[in-house]
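*Asks:* Under the numbering used here, read the sequence shown as residues 2 to 105, first letter to last. Can you read through this structure? Questions will come right after.
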Amino acid sequence: APCYSAGDALREVEARGVIVSDFVLVPGDVVANVALGPLITAHKKRREVDRDAVISTVMKRLHPDHAARRAGDQMLVALSGETGRLLMYEESTNPEWQHKVRIP
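So this is what it looks like as structure tokens:
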């Protein structure tokens, strides 16, 4: 099946049975100083409660002028206030974001 995003690629790999256990996926352009142990432990606890919690993501809010951001980078992230579950993740330079956003 054609893959147009990282999510599509991960779904295809999972469908083929290649993924058989938890793993850490880090984009090639990331440099970070973060302790992964507590993050992995939290992910495993979520998986014990909900087997469909297949991905945990780590994000950091950056000021628009931060050196680590590319010019024009914009991201909309919506989390559930109750569970912290990711409801929406969208990258865009859509100027309409300044006025309105439709959240599913």
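Yeah, the Cβ is synthetic: ideal placement off N, Cα and C, and Gly gets one too.
1) Does the Cβ-Cβ distance between residue 70 and residue 57 come in under 8 Å?
2) Please classify residue 67: is it buried, with 16 or more other beta-carbons within 10 angstroms of its beta-carbon, or exposed?
3) Figure out for me which residue from 59, 80 and 15 has the closest Cα to the Cα of residue 28.
4) Using a Cβ-Cβ cut-off of 8 Å (strictly less than) and excluding sequence neighbours within five positions of residue 44, which residues of its own chain qualify?
5) Cα-Cα, which of 12, 8, 50 and 77 is closest to residue 84?
6) Compare the Cα-Cα distances from residue 41 to each of 80, 77 and 26 and report the closest residue.
7) By DSSP, does residue 15 sit in helix, in strand, or in coil?
8) Using only the alpha-carbon positions, how far apart do residue 78 and residue 65 sit?
*Replies:* Once the coordinates are examined:
1) Position 69 of the sequence shown holds residue 70. Position 56 of the sequence shown holds residue 57. No, Cβ-Cβ distance for residue 70 and residue 57 is not below 8 Å.
2) Here residue 67 refers to the residue found at position 66 when the sequence shown is read from its first residue. Its Cβ having fewer than 16 others within 10 Å, residue 67 is exposed.
3) Translated into the one-based positions of the sequence shown, residue 28 becomes position 27. Closest option to residue 28, Cα to Cα, is 59.
4) On the sequence shown, position 43 is the one that residue 44 refers to. Same-chain partners within the cutoff: 23, 54 and 57.
5) If you number the sequence shown from 1, residue 84 lands on position 83. Selected option, being the one with the closest Cα: 50.
6) In the sequence shown, the residue the question calls residue 41 occupies position 40. That would be 26, whose Cα lies nearest to the Cα of residue 41.
7) The sequence position of residue 15 within the sequence shown is 14, counting from 1. Three-state result, residue 15: helix.
8) Here the question's residue 78 lines up with position 77 in the sequence shown. Here the question's residue 65 lines up with position 64 in the sequence shown. Spanning the two alpha carbons is a distance of roughly 15 Å.
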